[in-house]
Amino acid sequence: MHGAGNDFIVVDAINQQVELSGQQWARLADRRFGIGADQILVVQQSDSAGCDFRYRIFNNDGGEVEQCGNGARAFVKFVTDKGLTTQRAIRVQTMNGIIAPRLEDDGSVTVDMGAPVLAPAQVPFDAAGLAGRAEGDDTLWPLQVRPGGTGAPLLFSVVSMGNPHAVLVVDDVDTAPVLESGPLIEHHPRFPKRVNAGFMQVLDRHHIKLRVYERGAGETLACGTGSCAAVVAGIRRGLLDSPVRVSARGGELSVAWAGADAPVYLTGPAVTVFEGEVTL
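Heads up: the sequence shown at position 63 corresponds to 121 in the numbering used here, and the numbers run straight through without jumps.
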């Protein structure tokens, strides 16, 4: 399946027993030796009261992660198409909380991603000893990411959407050094759980272009939580107004946020590409 080009292997772990190692997940996600995907989504029965399903996410390096917004859209389409639920709106248990995706009449999916986490320590981000710069309601943090400490620090917003994001505003996202700076930002020691690095170009107050270098996956064609984090950062900086159209390399997403402790709503496509079986 895919959501705006962010592609997934979706595994039904309700009607079959699935217990794989990180190495096996990584092999499945390998585009030459496996099936190929940015992430693997595992559909399980929930063990939490009030939730319909449990949602587990493995990056293509085999590591389990907290959240995936584009994957959440694929998840609700999968369980609906497979007859695992008759509800158009469900509550789903993730590693880092509960999300509420809803299948819309036009086939798109809207996900209540919950409220953003903005306190640096909870992202988590180590801001000790750094002098943040206020911009609107946001704080921009200077980080030296270039090898050898050369060049001026880059200014980031930090946001968690259930997983950590660093958002950088750039003049031109197409020429931004995503593949060069992305892994340096991802592995910066001030992010103890690593981080997703977002490069955002503001086109107008309701439209951005975005590229995201995802933690454990590299650059993907779209990133749902990265889109949410970028829009939250842009609104807090006074650059954007809700709702915001997000143009990613794989397609278009829409993000709405009323500010403060309000939930962030992510809307976009979810598409089934093919089904199959694999022997491990």
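All residues carry an ideal CB built from backbone N, CA and C; glycine is no exception. Quick caveat: nothing in here was measured; it's all calculated off a predicted structure.
Minimum C-alpha distance to residue i - residue among the options
i    : options                : result
G190 : P211, P174, G172       : P211
V203 : Q81, P241, I293, V228  : P241
A280 : D119, A291, R295, G309 : G309
G296 : V302, A287, E193       : E193
D105 : G155, I93, D319        : G155
F136 : G61, G220, V123        : G61
R307 : T197, G274, G282       : G282
D110 : T138, C126, E122       : T138
Q180 : D195, D163, A147, G220 : G220
Cβ shell of residue i (< 6 Å), same chain only, five flanking positions each side left out
i    : result
V167 : R131, V134, P159, L161, A328
D88  : none
F66  : M59, A95, Q97, L99, G129, A132
Cβ shell of residue i (< 8 Å), same chain only, five flanking positions each side left out
i   : result
V69 : V76, I98, L99, V100, V101
C-beta atoms of residue i and residue j nearer than 8 Å
i    : j    : result
A95  : N128 : no
H223 : V217 : yes
Y113 : Q145 : no
M153 : V331 : no
P247 : P182 : no
A291 : L268 : no
N254 : E238 : no
L198 : L213 : yes
Alpha helix (DSSP H) segment containing residue i, residue limits
i    : result
R294 : 282-294
K140 : Per DSSP, K140 belongs to no alpha helix (DSSP H) and is neither H nor E.
V236 : 236-244
Cross-strand partners of residue i (DSSP beta bridge)
i    : result
N221 : None; N221 has no bridge partner.
L201 : L212
G256 : V225, V270
N117 : Q97
E193 : D196
N64  : G61
7 Å CB neighbourhood of residue i in its chain, flanking five on each side removed
i    : result
I72  : V101, Q102, Q103, L142
P321 : D170, M171, G172, A173
G92  : R85, L86
A316 : S300
P108 : Going by the sequence as given, residue 108 is Gly instead of Pro. Hits under 7 Å: R149.
The beta strand (DSSP E) enclosing residue i, as first and last residue numbers
i    : result
E310 : 309-315
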